[in-house]
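As given, the protein sequences belong to chains A and B, one line each in that order. The first sequence runs contiguously to residue 404 in the numbering used here. The second sequence runs contiguously to residue 323 in the numbering used here. Idealized CB from N, CA, C, for every residue including glycine.
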Amino acid sequence: MKLLSNYIKEMKIAARGFYFYIEIVIAVIIVSILLFAISEESVSREKEFLFYEAEQELYDYIMDPYFKDGRLVRKESVGFKVKAMDIEVVDQETGEIISHHFDENTIAAETIEQYDTKTGKLDKTIYKVNSYEDMLHLSYSEQSFGAVVKYELDENYKIIDSYKYYIQGYETERFMNILYVLYNENPEVLKEYSDKQNVRVLGDMEKLNNRESMVPIFLTFLGSIMGIVIVVAYLFLDKNERVIKSFAVTPASINSYLFSKIMVILTTVTISSVIITIPVMGTKPDYLQLLLFLYMSTFAMSAIGLFLSSFFDNMTNAFGALFGVVLILLLPMFSYFIPSFDPLWLRFFPTYSMLQGYKTILLGGIELRYVLLYSFIYLIGGIIIFALANVRLRKTLTV
Amino acid sequence: MSKVFDIFKRDVLSSTRNTLAIYMIIVPIILAVVIALSAQGLNDTAVKVAMLEDDTPEHIEFMRKYAKVELFNSVNELERRIMKRDEIAGLLPKGDGYEIIVQGNEPEMIEVYTKTLSALYELGVSKEDSRSEIYNFNRHVPPVKKMLVIMLISITIMLAGMLISFGIVEEKTENTINAINVTPVSQNGFIIGKSALGGTAAMASIVISIIITGFYDINWLMIILVGVSSLILSVLIGFLQGLNSKDVMEASTGVKVLLLPIAGSIAGYELLADKWQWTMYWSPFYWAYKANDMILSKTADWPTVLLCTGLVLVISLTAYLVMMPKIRKGLS
């Protein structure tokens, strides 16, 4: 009962403050960005600079079928303004270095878009240039892949192709290995072999689209994680205004005081998360699961915030530490966007399971076990950390 | 000037009692170490492939050249691995060839890449038959690492402003701002003196972080120039937030609001197509990010860096002049 009256009092105070409304405004801004600035399908930004060392007739003979079947589409030519620069080109096999100097220039390039004929999605944009030097200059200054593709006919009029790839230098050995062998076979033969591979799907085919896949990021970092900083700000606000000293002479426990603070955060994140999720996801997610996961993770994160704050006596000091913790907790975001970066140590970060949990829920709650398991872990972890914070803050808060 | 220095000294002294400057330096350095350690992994975007231990050694060896291979004792174990949350495709012998196994919710490229590798193996291609040559531009810093370091610089500079904001709120709570008004130090002097500690600590940690992450041979004068101009902006925002916030709660809210244009500028620079970049020109954070990107890529020239820092300063100065009455009011 005391907890409820504490919560109602805290909500009344929060509703008079700036923070509560800013949360809503930020959620509205984010959902507007998601709906109007981020498309449902991701658009490839990959670009290549190619110089074809071939007779025009031979080039047309080889490439025309691709233009006819829609895999390649000619677009308006562009001019790239490039600065004067000195470039070193290293032969990957021999280590020999060749130096080039280029003057400031505007390089004209024919724009060709390459599409996946199955999905109709843009694969990459190819810029076809007129000389080897232009390809080098552009590939270096735009920090993109470059190549010289050579087509010639042998004495039997058979097409002989060869390739010189120009990469930046930080690419992995595995990437270079694939470059070496990718065109050993005719691309058509490779595609035919590739398409006839038997693929067996074990689980579900559900995927989040480009826009939907951003929602777990906002739920995690603007919802759950923000609890760490905001609950501490609430705490030091009360400390500065000597509310806590007044509270100490009332019969209410410090436990219920701290928990009422967390409840205010839970209310705020519920509103902002719902504002972000409903317009983007509609009725697809199981909102009961979403709220359960949101509450448990925010509770655990707020408990961590309270515990950390017990080591500091003012917001400035606490903020430095909390901000550091929040930044480190951002790391699993990279694994979320770059699936191949998935080291074992990253899975111990609570934000890793949060991102995966929200993703599961948004997909329609197909893995209830995962959501329930981690909700339980957050709850138990949160209770333990909250108890520790309670013990520490009981000693330090009223000082 | 000596009074300004006195405020700086006072802040240095008080920071030994609290831990402000220590965090300003420690937090970015910890993050720099994390970036240095994980950058290689972030750059290695090879697909993961699950195979059986009793597959042929040639097949396993072939796949290892192009993918990260994990081996399993049995089909059940392999299938359990594929059903886990991360992205991995399986390759199981079936009849004369192989069967590719996927969970179904992976990005499209995982399946496409595995199919291509399997096709290449079936076609019996090898590096020895290659008609390809590879050349590189001698660049060894992956773009992901560079992006993380620039983000770290932006965050450090933002942290300086935020801490100033909290510092001002606390000075207001303790009524020490009013006390400043009865001393001979001017309001501008107070602003500079108050900013000096956060600024110095931020610049020190930026320099150390850049060294830790391996960017030794950049143009340091350029990076310091961009850093100082961004710091002026950050400090100004910190002051405004501090003076306009009644309490730490409002200052914390300001932090969250500030994150939007910073994150937006970074996302805009990295993700927007060239023809849409102009939509970010209003943001000084965009110009600072762009300048840092060119400096760390070693493609920066002085006219462009001066233009970027000039824009950051002009936008900051305009904001300062517009907000000056508010700052003066807040200080009095």
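Proximity to residue i [Cα-Cα], best of the options
{"i": "Leu108/B", "options": "Lys196/A, Tyr357/A and Leu296/A", "result": "Lys196/A"}
{"i": "Pro133/B", "options": "Met140/A, Gln173/A, Lys133/A and Ser47/A", "result": "Gln173/A"}
{"i": "Asp57/B", "options": "Leu184/A, Ile31/A, Gly125/A and Glu157/A", "result": "According to the sequence shown, residue 57/B is Tyr rather than Asp. It is Leu184/A whose Cα lies nearest to the Cα of Tyr57/B."}
{"i": "Phe54/A", "options": "Tyr379/A, Thr272/A and Phe150/A", "result": "Phe150/A"}
{"i": "Lys133/A", "options": "Ala308/A, Tyr64/A and Tyr379/A", "result": "Tyr64/A"}
{"i": "Leu9/A", "options": "Ile103/A, Lys212/A and Ser265/A", "result": "Ser265/A"}
{"i": "Thr356/A", "options": "Leu368/A, Leu378/A and Ile333/A", "result": "Ile333/A"}
{"i": "Leu1/A", "options": "Ala392/A, Phe223/A and Asn319/A", "result": "There is simply no residue 1/A to check, as chain A begins at 6 and stops at 404 in what is shown."}
{"i": "Thr204/B", "options": "Tyr14/B, Ile21/B, Ile13/B and Met15/B", "result": "Ile21/B"}
{"i": "Glu49/B", "options": "Ser256/B, Trp278/B, Glu113/B and Ser274/B", "result": "Glu113/B"}
{"i": "Phe346/A", "options": "Tyr272/B, Asp35/B and Ile17/B", "result": "Asp35/B"}
{"i": "Gly229/B", "options": "Trp278/B, Asp77/B and Ser186/B", "result": "Ser186/B"}
{"i": "Leu367/A", "options": "Thr282/A, Asp243/A and Gly387/A", "result": "Thr282/A"}
{"i": "Asp291/A", "options": "Val269/A, Leu207/A and Leu377/A", "result": "Leu377/A"}
{"i": "Lys289/B", "options": "Gln294/A, Ser146/A and Phe72/A", "result": "Ser146/A"}
{"i": "Lys17/A", "options": "Glu211/A, Met268/A, Asp74/A and Glu190/A", "result": "Met268/A"}
{"i": "Lys85/B", "options": "Glu176/A, Gln202/A and Glu98/A", "result": "Gln202/A"}
{"i": "Leu28/B", "options": "Tyr89/B, Asn283/B and Val140/B", "result": "Val140/B"}
{"i": "Ser156/B", "options": "Tyr207/B, Val305/B, Gly190/B and Glu102/B", "result": "Gly190/B"}
Cross-chain neighbours of residue i in chain A, by beta carbon under 9 Å
{"i": "Asn34/B", "result": "Tyr175, Glu176, Thr177 and Phe346"}
{"i": "Lys118/B", "result": "Asn182, Tyr185, Val186 and Asn189"}
{"i": "Met314/B", "result": "Result: empty, since nearest Cβ-Cβ is about 18 Å, beyond 9 Å."}
Residue i: contacting residues in chain B (beta-carbon distance under 8 Å)
{"i": "Gly100/A", "result": "Result: empty, since nearest Cβ-Cβ is about 10 Å, beyond 8 Å."}
{"i": "Ile67/A", "result": "The contacting residues do not exist; Ile67/A stays about 15 Å from chain B at best."}
{"i": "Leu336/A", "result": "Val25 and Ser29"}
Cutoff 7 Å: residue i Cβ touching any chain B Cβ
{"i": "Ser199/A", "result": "yes"}
{"i": "Glu181/A", "result": "Checking the displayed sequence, the identity of residue 181/A turns out to be Met instead of Glu. It does; some Cβ of chain B falls within 7 Å."}
{"i": "Gly125/A", "result": "no"}
{"i": "Met395/A", "result": "For the sequence presented, residue 395/A should be read as Asn rather than Met. It does not; no Cβ of chain B falls within 7 Å."}
{"i": "Tyr132/A", "result": "no"}
{"i": "Asn203/A", "result": "yes"}
{"i": "Phe85/A", "result": "no"}
{"i": "Gln119/A", "result": "no"}
{"i": "Gly232/A", "result": "no"}
{"i": "Asp96/A", "result": "yes"}
{"i": "Phe324/A", "result": "yes"}
{"i": "Phe241/A", "result": "yes"}
{"i": "Lys169/A", "result": "yes"}
{"i": "Tyr156/A", "result": "no"}
7 Å Cβ cutoff, residue i in contact with chain A
{"i": "Gly114/B", "result": "Position check: residue 114/B holds Leu in this sequence, whereas Gly was assumed. True, the Cβ-Cβ gap to chain A drops below 7 Å."}
{"i": "Ala37/B", "result": "yes"}
{"i": "Ile20/B", "result": "no"}
{"i": "Ile92/B", "result": "yes"}
{"i": "Phe128/B", "result": "yes"}
{"i": "Asn210/B", "result": "no"}
{"i": "His131/B", "result": "yes"}
{"i": "Tyr14/B", "result": "yes"}
{"i": "Glu165/B", "result": "no"}
{"i": "Ile148/B", "result": "no"}
{"i": "Glu68/B", "result": "no"}
Beta-carbon neighbours of residue i, restricted to chain A and to distances below 8 Å
{"i": "Tyr277/B", "result": "Here the premise fails: no neighbours, minimum Cβ distance about 15 Å."}
{"i": "Arg72/B", "result": "Near Arg72/B there are no residues of chain A at all, since even the closest Cβ is about 11 Å away, more than 8 Å."}
{"i": "Gly158/B", "result": "Thr321"}
{"i": "Ala192/B", "result": "In chain order: nothing, as chain A lies at least about 10 Å away."}
Per-residue contacts from residue i into chain A (C-beta, under 7 Å)
{"i": "Tyr57/B", "result": "Arg179, Asn182 and Ile183"}
{"i": "Ile144/B", "result": "In chain order: nothing, as chain A lies at least about 13 Å away."}
Chain-ordered chain B contacts of residue i [CB-CB under 7 Å]
{"i": "Asp166/A", "result": "Arg122"}
{"i": "Tyr145/A", "result": "Phe128"}
{"i": "Ile366/A", "result": "Within chain B, no residue comes near Ile366/A; the closest Cβ sits about 13 Å away, beyond 7 Å."}
Within chain B, partners of residue i - CB distance below 9 Å
{"i": "Gly386/A", "result": "Within chain B, no residue comes near Gly386/A; the closest Cβ sits about 20 Å away, beyond 9 Å."}
Any residues in the region 270 to 299 of chain A with a beta carbon nearer than 9 Å to a beta carbon of chain B? Which ones, in chain order? none
What are the residues of the region 351 to 362 of chain A that lie near chain B, defined by any Cβ-Cβ distance shorter than 8 Å? Gln361
Any 3 or more C-beta pairs closer than 8 Å across the region 249 to 265 of chain B and the region 177 to 196 of chain B: no
Are there three or more Cβ pairs, one per stretch, closer than 8 Å when the region 14 to 25 of chain A is compared with the region 236 to 245 of chain B? yes
Is the region 122 to 131 of chain A in contact with the region 86 to 101 of chain A, if contact means three or more CB pairs nearer than 8 Å? no
How do the region 143 to 161 of chain B and the region 217 to 233 of chain B stand: do at least 3 beta-carbon pairs fall below 8 Å, yes or no? yes
Is it a yes or a no for the region 114 to 124 of chain B touching the region 197 to 213 of chain B, going by three-plus beta-carbon pairs under 8 Å? no
State whether the region 90 to 108 of chain B contacts the region 162 to 173 of chain A, with contact taken as three or more CB pairs (one from each stretch) at a distance under 8 Å. no
Could you name the residues of the region 230 to 260 of chain B whose beta carbon sits closer than 7 Å to any beta carbon of chain A, in the order they occur along the chain? Asp238, Val239, Met240, Glu241, Ser243, Thr244, Lys247, Val248 and Leu251
Under 8 Å: do the region 306 to 326 of chain A and the region 44 to 62 of chain A share three or more Cβ pairs, one atom per stretch? no
What residues from the region 285 to 299 of chain B come within 8 Å of chain A, judged by C-beta to C-beta, listed N to C? Ser288, Thr290 and Asp292
Under 7 Å (Cβ pairs) to chain A, residues found in the region 98 to 111 of chain B: Pro98, Glu102, Lys106, Thr107, Ser109, Ala110 and Leu111
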